[in-house]
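Student:
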Amino acid sequence: MESQPSSKVLHHRINTDISQLLQRFENIMATATVENPSYTSSAVETYQLDVESTALIRAAEDILALTRTMKETWLFGNLNTLGEDERDVQRREKLEKDAVAVQKAVEGGGLSKLAPGK
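The sequence shown begins at 1 in full-length UniProt numbering and counts up one residue at a time.
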């Protein structure tokens with residue numbers, strides 16, 4: 001499996017796909033509202049509508065592919081959606097080390113030496 005995308009890459013892709021979808025829809029609406037009785041302009045507008053609708057479908061397919069990628073990343077990868085920075089990583093690692101030290105102390109009977117009356 002290829003490397004998993006980061007949350008920043010996914011956010012950028014989301015924004016790009018949404019803007020493409022909206023732009024294509026706006027282009028279709030702008031073309032559809034033009035009233036011109038000539039056959040030539042009608043043919044050009046029909047072609048333009050065909051091109052824009054194909055691009056709109058492609059943009060929707062891109063969004064569907066993105067949602068699949070996000071699901072795969074959440075299920076099988078380490079998608080960092082919370083935006084954990086270096087300080088958070090160090091804090092989490094320290095907490096994990098402290099938890100291991102407490103576990104070893106409990107298993108080794110080190111805590112019973114601190115509270116001998118119990």
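Virtual Cβ for every residue (Gly too), placed ideally from N, Cα, C. Fair warning: this is a prediction, and the values are worked out from it, not measured in the lab.
Could you give the DSSP three-state label for Ile34: helix, strand or coil?
Tutor: The residue given as residue 34 occupies position 34 in the sequence shown. In the sequence as presented, Ile is not what sits at residue 34; that position holds Val. DSSP places Val34 in coil when its eight states are reduced to three.
Student: For a test of the three-state rule: what should DSSP assign to Met1, helix, strand or coil?
Tutor: Reading the sequence shown from its first residue, position 1 is the one you call residue 1. Confidence in Met1 is poor, its pLDDT being 44 and thus under 50, which makes the residue's placement unreliable; the coordinate value appears in the next sentence. Correct three-state label for Met1: coil.
Student: If you follow the alpha helix (DSSP H) that Gly108 is in, where does it begin and where does it stop?
Tutor: For the purposes of this step, residue 108 is identified with residue 108 of the sequence shown, where counting begins at 1. Gly108 -> alpha helix (DSSP H) spans 86-108.
Student: Exposed or buried, which one is Asp50 when buried takes at least 16 other CB atoms within 10 Å?
Tutor: In the sequence shown, counting from the first residue as 1, residue 50 sits at position 50. Label assigned to Asp50: exposed.
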